[in-house]
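In mature numbering (1 follows the signal peptide of the UniProt record, and there is no 0), the protein residues as written are -17 to -1, 1 to 265.
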């Protein structure tokens, strides 16, 4: 799991924020959200408006997302980063000076900050641990150098450039192996894994569909069973005359009159035993 260092390597690039404390007044430089002015306040590590970070040669405030800039001869305030206003700074021996102008420095006063040419404690800026803010710029520059070099080549670290473990926490040999791995990784394994996962998902979907169809059929059968039983019970109560062609029907005897005696002979014929005498015979 050595490659997990890449995630924080990308995510922590903008997290090296620090306080800018003046060596004379022991107050920290604070930006304003309502306007672009700067002030010196009691140091508060929890305030985003006192957090500054190096973005190349610019100093960006975390609370306002704007950069420290010089306007006019001695006016200093915050402006949008990347604009046309001069926002680049040079840092040396805790002294901040506009880039290209090594004789003027960022100085603190009772009202805020200004530009002056006196190398005194008022022009020295430190972080919360009383270290020079220039150390943060040097660390940021070296961090960027390692980062862009790692993207360009596997043989990016010069043995005389310093100890790479200070930045990433791993030695150079492991770093080169990781860089080579991520440059030459074969994506076939990942593609086959996604294909297999898709096939499993399709089989699971078909299985669930079949189970659902079977349950619906059973539910319909259970719903029809009580209705069929009720219909059979009603049919059993109704008189039904069935006709069986295999069994010959007996001929209906002729209309009988009172006093007639009907005899059925062996051959199946039916005759009257006593014939009624006609009136003429009487």
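Every residue, glycine too, gets a C-beta built ideally from N, C-alpha and C.
Residue i - containing beta strand (DSSP E), residue span
i	result
residue 13	11 to 14
residue 45	Unbroken run through residue 45: none, as it is neither H nor E.
residue 73	72 to 75
residue 248	Counting along the chain, residue 248 falls outside any beta strand (DSSP E), and DSSP gives it neither H nor E.
residue 254	253 to 255
residue 38	35 to 38
residue 23	21 to 24
In DSSP terms, what residue i is bridged to
i	result
residue 97	90
residue 170	DSSP output for residue 170 lists no bridge partner at all.
residue 81	72
residue 178	Note: residue 178 sits in no beta bridge, so no partner.
residue 52	60
residue 115	109
C-alpha distance - residue i paired with residue j, whole-angstrom precision
i	j	result
residue 213	residue 207	10 Å
residue 4	residue 65	25 Å
residue 10	residue 162	44 Å
residue 74	residue 18	26 Å
residue 26	residue 184	57 Å
residue 119	residue 100	23 Å
residue 23	residue 33	9 Å
residue 89	residue 78	7 Å
residue 63	residue 80	19 Å
residue 70	residue 59	10 Å
residue 266	residue 190	With the chain covering -17 to 265 only, the question about residue 266 has no answer from this structure.
residue 217	residue 203	22 Å
residue 246	residue 205	59 Å
residue 150	residue 122	Note that residue 150 scores a pLDDT of 48, beneath 50, so its modelled location is shaky; the value from the coordinates is reported in the next line. Taking the straight line joining both Cα atoms gives about 9 Å.
residue 178	residue 29	49 Å
residue 96	residue -2	23 Å
residue 116	residue 93	21 Å
residue 49	residue 56	20 Å
residue 40	residue 160	32 Å
residue 61	residue 104	23 Å
residue 176	residue 187	17 Å
residue 6	residue 46	23 Å
residue 254	residue 248	8 Å
residue 244	residue 215	45 Å
residue 21	residue 85	22 Å
As assigned by DSSP and simplified to three states, the class of residue i
i	result
residue 5	strand
residue 62	strand
residue 223	Confidence at residue 223 is low in this model, with a pLDDT of 49, below 50, so its placement is unreliable and no value can be given for it.
residue 184	helix
residue 31	helix
residue 208	helix
residue 18	coil
residue 102	coil
residue 121	helix
residue 141	In this predicted model, residue 141 has a pLDDT of only 45, less than 50, meaning its place in the structure is not dependable; the value taken from the coordinates is given anyway. Coil.
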